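Below is one structure, written out as structure tokens; the observations come after it.
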Amino acid sequence: MQDKAKILHLIESLNMGGAQKIIYQLASTSDSSDHSVCSLYQGGPYEKIMRDDDIDLTLLKAKRRSVIFFPLFIYDLYCIFTRLVRIVKKDQIDILHAHLPDSSLIAIVVGKLTNTTVVLTVHNNFALPSKRKAPLRDALRTLVTNMVFKRANYIITVGNDIRDSLYDALGYRVAIKTVYNGVDYLRYARDLKKLDHLQFRQSLGISDKATIVTTVGRLDKQKGHTYLIDAAQQLIDDYPALIFLLVGEGELKEKLMDQVQSLQLSNNFIFLGNRNDVPDILAMSDLFVLPSIYEGIPLVILEAMAAGLPVVATDIAGTRELVESGVDGLLAKTESPKDIARTMNELLSDMACSKEMSLLAQAKVKKEFSLQKMVTGTEHIYLEVLGSV
1 MQDKAKILHL IESLNMGGAQ KIIYQLASTS DSSDHSVCSL YQGGPYEKIM RDDDIDLTLL
61 KAKRRSVIFF PLFIYDLYCI FTRLVRIVKK DQIDILHAHL PDSSLIAIVV GKLTNTTVVL
121 TVHNNFALPS KRKAPLRDAL RTLVTNMVFK RANYIITVGN DIRDSLYDAL GYRVAIKTVY
181 NGVDYLRYAR DLKKLDHLQF RQSLGISDKA TIVTTVGRLD KQKGHTYLID AAQQLIDDYP
241 ALIFLLVGEG ELKEKLMDQV QSLQLSNNFI FLGNRNDVPD ILAMSDLFVL PSIYEGIPLV
301 ILEAMAAGLP VVATDIAGTR ELVESGVDGL LAKTESPKDI ARTMNELLSD MACSKEMSLL
361 AQAKVKKEFS LQKMVTGTEH IYLEVLGSV
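In structure tokens form, the structure reads like this:
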């Protein structure tokens, strides 16, 4: 093995997402290992971000035909395995680090073919068996979970709830450790006076008297934007100057825009798309809301807390590990516009309480969820699994 361990991260795409950001943070921050990244199927916004930072990046652009076309499906997998085996051998990779379900399965196979150590990060519970009544789906998930995860050399979970769910799914103890997601605290908690809020608001067509509520995330079902829009309708009469900023792109964008229009809220919502100035957007905001249906450990909540924003999030696994409701933020019932509106109103109507909560949240992020803590924890696992500690 070389002086520095060589890590190859596997991911399905380079779209905007928490897993992609974690890979970027590890690859751009770590000094103890040499990191490279392989995207199996497609690029995305993180392709430019990584290339601009001179991160070693490979796009396989592999085909991904449905299992319905079984011979072609098998051929596509064979092509992926063959190309990855070649990369792992040529670059003398020490650890394959996979981050999402497809890449985890592929990493296990390539790891066996090349005798390479495999580390998996599980970013949420979605691929694990649930306690809901879906026996066929859960039986399949249990089969896949056992087939994939028990063959990994080490599993990282981004939260303790995910770790416990994985233990329950496997039915036995494996090498699993929680390494919480972390954020670059100073990037978000800088001197906000340095940002010209008024000029930035004007660039977005927002009045200096508006109260800005921001949410950041893909515009898909998981993120629960539809419930936030319904909650907004319940608040507008009391807070007519509310402006909601939706940062992100996704398949539901047109549907959500139609919902906003049908509720006559077009003057209160701005769809910003993907942005590379999220710290500035958070800095000029007054409240952050994440109405998700499920999450792992959402980085956007940590970023909002680091920026000193009061936070409302849904009461789900993951957010409960970040937000202590009533202390450093508020948790609302999932898929409940009424309760989301209630918790938002609680913070909007009592700015002194909101400020106190946001200061406690900011201190928590600095102490418990720093980027360096996440990188150091991951690096220690690399050393452990390679027998260097």
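Here UniProt numbering is used: position 76 in the sequence shown is 76, and no number is missing along the way.
No residue lacks a Cβ here, since even glycine has one placed at the ideal position from N, Cα and C.
Note that the coordinates shown come from a computational prediction; the quantities given were computed from them, not determined experimentally.
So, with DSSP's three-state summary, where would you put residue i?
i: Asp280; result: helix
i: Tyr154; result: strand
i: Ala241; result: coil
i: Val300; result: helix
i: Met1; result: With a pLDDT of only 46 at Met1, under 50, the local geometry of the prediction cannot be trusted, and the value read off the model is given with reservation. Here Met1 sits in coil by DSSP.
i: residue 403; result: There is no way to answer for residue 403, as the model of the chain reaches only from 1 to 389.
i: Gly273; result: strand
i: Ala98; result: strand
i: Ala332; result: strand
i: Asp288; result: A quick correction: the sequence has Phe, not Asp, at residue 288. Phe288: strand per DSSP, three-state reduction.
i: Ile22; result: helix
i: Lys63; result: coil
i: Ser103; result: helix
i: Leu309; result: coil
So residue i and residue j are supposed to be a Cβ contact under 8 Å. How far apart are they, rounded?
i: Phe369; j: Asn181; result: 7 Å
i: Arg218; j: Gly17; result: 7 Å
i: Leu265; j: Ala232; result: 6 Å
i: Pro310; j: Ser262; result: Going by Cβ atoms, the distance from Pro310 to Ser262 rounds to 29 Å, so no, they are not a contact pair.
i: Ile297; j: Val158; result: 4 Å
i: Gly308; j: Ala189; result: 7 Å
Alpha carbon to alpha carbon, what distance is there between residue j and residue i?
i: Met374; j: Leu40; result: 25 Å
i: Ile11; j: Gly326; result: 37 Å
i: Ser33; j: Glu254; result: 43 Å
i: His197; j: Met284; result: 6 Å
i: Arg201; j: Gln20; result: 29 Å
i: Asp258; j: Leu242; result: 19 Å
i: Ile340; j: Ala332; result: 5 Å
i: Val183; j: Leu360; result: 16 Å
i: Ile270; j: Glu249; result: 12 Å
i: Leu57; j: Gln42; result: 12 Å
i: Cys79; j: Ala62; result: 8 Å
i: Asp350; j: Thr226; result: 26 Å
i: Asp94; j: Lys6; result: 5 Å
i: residue 409; j: Leu105; result: The chain is shown from 1 up to 389; residue 409 falls before or after that span and cannot be answered.
i: Asn146; j: Leu170; result: 6 Å
i: Thr121; j: Phe149; result: 10 Å
i: Met204; j: Asn274; result: In the sequence under discussion, the amino acid at residue 204 is Leu, which differs from the Met named in the question. Cα to Cα, Leu204 sits roughly 14 Å from Asn274.
i: Lys367; j: Tyr185; result: 10 Å
i: Phe70; j: Val119; result: 29 Å
i: Met1; j: His35; result: In this prediction, Met1 has a pLDDT of 46, which is less than 50 and means its spatial position is unreliable; what the coordinates show is noted afterwards. Answer to the nearest angstrom: the Cα atoms are 15 Å apart.
i: Gly44; j: Arg51; result: 12 Å
i: Leu26; j: Ser207; result: 39 Å
i: Met305; j: Leu322; result: 10 Å
i: Val213; j: His97; result: 36 Å
i: Ile293; j: Ser30; result: 32 Å
i: Ala107; j: Ile156; result: 14 Å
i: Gly387; j: Ser28; result: 24 Å
Considering only DSSP beta bridges, list what residue i is partnered with.
i: Cys38; result: Leu10, Thr58
i: Thr314; result: Ala332
i: Leu120; result: Ala98, Ile155
i: Lys177; result: Ile156
i: Ile212; result: Ile243
Quiz item: Counting pairs of Cβ atoms below 8 Å between the stretch 379-389 and the stretch 307-321, do you hit three or more?
Solution: no
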